[in-house]
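Heads up: the sequence shown begins at 1 in our numbering, then just goes up one per residue.
Glycine residues also receive a C-beta, built at the ideal position from the N, C-alpha and C atoms.
A short worksheet on the structure shown next.
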Amino acid sequence: MKKTMKQYSFASRLKSLALVFGIALAFASCANEEIAQNPNGTDNNKNFTIFSTGDPTTRTSMESNGTFYWEAGDKIWVKDDNGTWRQSRNAPTEKTASFKFEVPGKFTKTTTYKVYYPGKNGYQNLVTIVANQRQAEPNTTAHFGTSGDCGMADAAWSNAKNGFAFTLDHKAAYLLFLPRTSNTILHDCYLTKVEVNSDNDITSTYTLDPTTGKLIGTGTRKQIIVSTGGSGTYANGFPLTNNATSAATNGAYVVIKPGTHTLKIRYWLMDVATGTEGTITKTLASATYDQNKYYNITANLDVKNYDGDHYYMWDAQDQYWKGHEWNKGGSQPTLYYNLPGSTTSNDYAHSNTDSRYYNEAFTPGTGNKATHASCKDLPNVNELTWYAASDPRWDRDELWTTMGHLYKGGMWLKKKAYISGFNANTAYDGVDWRTNAKYNYWSASRTLPSAADAGNYFYLPAFGDYYSGRLGSIGQTGYYWSSSANSFNGHSAFVLRISDGEASVLTNGYIRYYGYRAQKFSDFGED
């Protein structure tokens, strides 16, 4: 799943494209804008000074054809000769290529003034980069002003402009998300939001500092969500019908605080037909996101697809549905038995004459380790307790597919390299459970691994189980066999069970006859 990121300076992007194409085909806010001011205040009213703009490449939003506009409600701030903050008293009422801002106060030709644009939610030199941003249609930046776009400039008198001219230097960083997918199941889904999680603050209220020329201040908020869609064509979100990158199809923009960040991106998708909404997660390596630059972040969205061939009775020689596989025209059920269209099959093992039947070997008081390829190399019961006891995280939203259907629900478990004291010979409590029929339950948080420690975890889907020829609890509960059978009960073996709110290691009642997942954790990203 290829992910790429490219950065662009607003100024260099505009200049290079102007040279190549003869027109300004660039993204978002232009770094060069001139605004004229009449310090004598003689334009219509002597109580204010005119800051005039007439160049369509002068402000913060950009249409896909490269033309920039002022947006309704845009205002600027300047300190006058008395040191008093002055806000332009008027603002555009609609998108416009030119506008005359009326700024009250006294201004002198020989003085250079600092001009501040704190965005529509800002005040004077205070900027709020908001945590909840909204973009109504693809490939538009009209929401920048309300999202936290900001800038500063030195304004000096210009005879040519008959006023004060300045070039705004933008102080936020900008991300352009460009998802694509070749998965035909996802082509019927819509992008409803993009969730950006950082290892440090990216959203808060900051100060435009004229000394450093940067946004200063720190916060504690590390998540920004841009909701995508509005009405009409985009009422359900942005389409995901593109196999190749296409800003026009689903380009989504986010304003963030500049800095060095490790970002974890969750793309939220909805299948309108079924109402299923879930996420596809991508983690980006630590990178520096500079002010006054935008970054293309492309992502090939594809859900992890898992086979239906790893359901086994405990330590059986062959998998539960061998010879009757769903993808070979067999009778293997592929839907939760309580859903419309689900099936039940009698084509499973009923006796030990079938190689798919469980291993019946049992010696009381011993570990009864698995001997067949299906289970002998799986984690033993002691190891399962360490995984279950070490801060498990339930994820209700991560999407995955199996046997031709879309599901969500699973658990993030900490990798053993990050579990202090991990030991295959004793359980988390210091006892060897291989010769003790113990069990336990541990609470599982719904707080997902952060961007900083996402690499310390691996994900187990809730595959459900097969019992009496029907598929149950898929997307709700996962059962994973261990290599350890019960030392006192010849009918049971140890299993890891995961569900919303809980991870548990159990044995009594978990009969070897059940069709649970038998698969090495390395298949799921455990190192």
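Per-residue burial, residue i [other beta carbons within 10 Å of its own, 16 or more giving buried]
| i | result |
| --- | --- |
| Pro210 | exposed |
| Leu339 | exposed |
| Arg86 | buried |
| Lys282 | buried |
| Trp163 | Just to set this straight, residue 163 is Gly in the shown sequence, not Trp. Answer is buried; the Cβ neighbour count reaches 16. |
| Glu71 | buried |
| Asn40 | Confidence at Asn40 is low in this model, with a pLDDT of 37, below 50, so the placement of that residue should be treated as unreliable; the coordinate-derived value is given next. By the 10 Å Cβ count, Asn40 comes out exposed. |
| Asp527 | exposed |
| Ile280 | buried |
| Arg497 | buried |
| Val431 | exposed |
| Lys3 | Residue placement at Lys3 is poorly supported in this model, since its pLDDT is 47, which falls under 50; the coordinates still yield a value, given next. Exposed, because fewer than 16 other Cβ atoms sit within 10 Å of the Cβ of Lys3. |
| Ala285 | exposed |
| Arg512 | buried |
| Ile297 | buried |
| Asp465 | buried |
| Asn159 | exposed |
Bridge partners - residue i, DSSP secondary structure assignment
| i | result |
| --- | --- |
| Pro104 | Phe48 |
| Tyr533 | Lying outside 1 to 527, the shown extent of the chain, residue 533 is not represented and no answer is given. |
| Thr279 | Trp268 and Glu398 |
| Asp209 | Lys214 |
| Tyr457 | Lys414 |
| Gln601 | Lying outside 1 to 527, the shown extent of the chain, residue 601 is not represented and no answer is given. |
| Glu502 | Ser443 and Ser499 |
| Cys189 | Asp271 |
| Tyr387 | DSSP, once it has assigned bridges, lists no residue as partnering Tyr387. |
| Thr288 | Thr260 |
| Pro239 | Tyr190 |
| Phe177 | Ala252 and Ile297 |
| Glu195 | Ile225 and Arg266 |
| Val115 | Val78 and Ala153 |
| Thr334 | For Thr334, which the question treats as bridged, DSSP gives no partner whatsoever. |
| Tyr428 | Paired residues: none, contrary to the question. |
Closest residue to residue i among the options (Cα-Cα distance)
| i | options | result |
| --- | --- | --- |
| Asp391 | Trp326, Trp433, Tyr441 and Thr363 | Tyr441 |
| Asp74 | Ala91, Ser345, Asp309 and Trp85 | Ala91 |
| Val505 | Leu384, Thr343, Asp315 and Ser487 | Leu384 |
| Gly409 | Lys416, Asp271, Tyr294 and Arg396 | Arg396 |
| Val194 | Leu301, Ala155, Thr353 and Tyr306 | Leu301 |
| Asn197 | Ala518, Tyr480, Arg221 and Ala349 | Arg221 |
| Ala533 | Asn250, Ala424 and Ser499 | The structure shown does not extend to residue 533, since the chain is modelled only from 1 to 527, so the question has no answer here. |
| Asp80 | Glu94, His310, Lys95 and Phe48 | Phe48 |
| Lys95 | Thr111, Ala142 and Leu126 | Ala142 |
| Thr203 | Ser522, Ala131, Lys304 and Thr140 | Ala131 |
| Ala503 | Tyr418, Tyr428, Ala389 and Gly421 | Ala389 |
| Thr233 | Ile224, Pro138 and Tyr113 | Pro138 |
| Asn423 | Asp188, Pro333, Asn382 and Gly501 | Asn382 |
| Tyr289 | Lys304, Tyr337 and Lys257 | Lys257 |
| Gly530 | Ala244, Gly490, Trp326 and Asn380 | Here the chain covers residues 1 to 527 and nothing more, so residue 530 does not appear. |
| Tyr336 | Thr184, Gln223 and Tyr467 | Tyr467 |
| Gly501 | Phe494, Ala165, Ala485 and Ala462 | Ala462 |
| Gly111 | Ala485, Ala155, Thr84 and Thr245 | According to the sequence displayed, residue 111 carries Thr and not Gly. Ranking the options by Cα distance to Thr111, first place goes to Ala155. |
| Ile474 | Leu406, Val127, Lys376 and Asn425 | Leu406 |
| Thr401 | Pro333, Asn380, Thr435 and Val303 | Val303 |
Proximity below 7 Å, CB of residue i to CB of residue j
| i | j | result |
| --- | --- | --- |
| Ile129 | Gly148 | yes |
| Ser482 | Gly365 | no |
| Asp315 | His372 | yes |
| Phe458 | Lys520 | no |
| Ala437 | Thr507 | yes |
| Tyr116 | Trp77 | yes |
| Leu191 | Gly237 | yes |
| Gly145 | Leu168 | no |
| Asn292 | His170 | yes |
| Asp199 | Thr218 | no |
| Gly469 | Ser345 | yes |
| Lys307 | Gln319 | Position check: residue 307 holds Asp in this sequence, whereas Lys was assumed. Not closer than 7 Å, so no. |
| Val226 | Ala172 | no |
| Met411 | Leu460 | yes |
| Leu399 | Gly259 | no |
| Ile419 | Trp386 | yes |
| His187 | Thr241 | yes |
| Gly367 | Thr435 | yes |
| Leu215 | Tyr295 | no |
| Asp271 | Cys189 | yes |
Minimum Cβ-Cβ distance from residue i to chain B less than 7 Å
| i | result |
| --- | --- |
| Arg446 | Structure shown: chain B not included; a single protein chain is present. |
*asked:* Closer than 8 Å is the cut-off here; do at least three beta carbon pairs connect the segment 445-456 with the segment 249-268?
replied: Enough Cβ pairs lie closer than 8 Å, so yes.
*Indicate whether the contact test is met: 3 or more Cβ pairs, each with one atom in the segment 109-120 and one in the segment 211-219, closer than 8 Å.*
Short answer: they don't touch.
*Specify whether the segment 510-519 and the segment 470-484 touch according to this definition: at least 3 beta carbon pairs, one from each stretch, less than 8 Å apart.*
Flag = yes, the segment 510-519 and the segment 470-484 touch.
*Would the segment 243-262 and the segment 171-187 be scored as touching if the rule is three or more Cβ pairs under 8 Å?*
Yes: the two stretches touch, three or more of their Cβ pairs being nearer than 8 Å.
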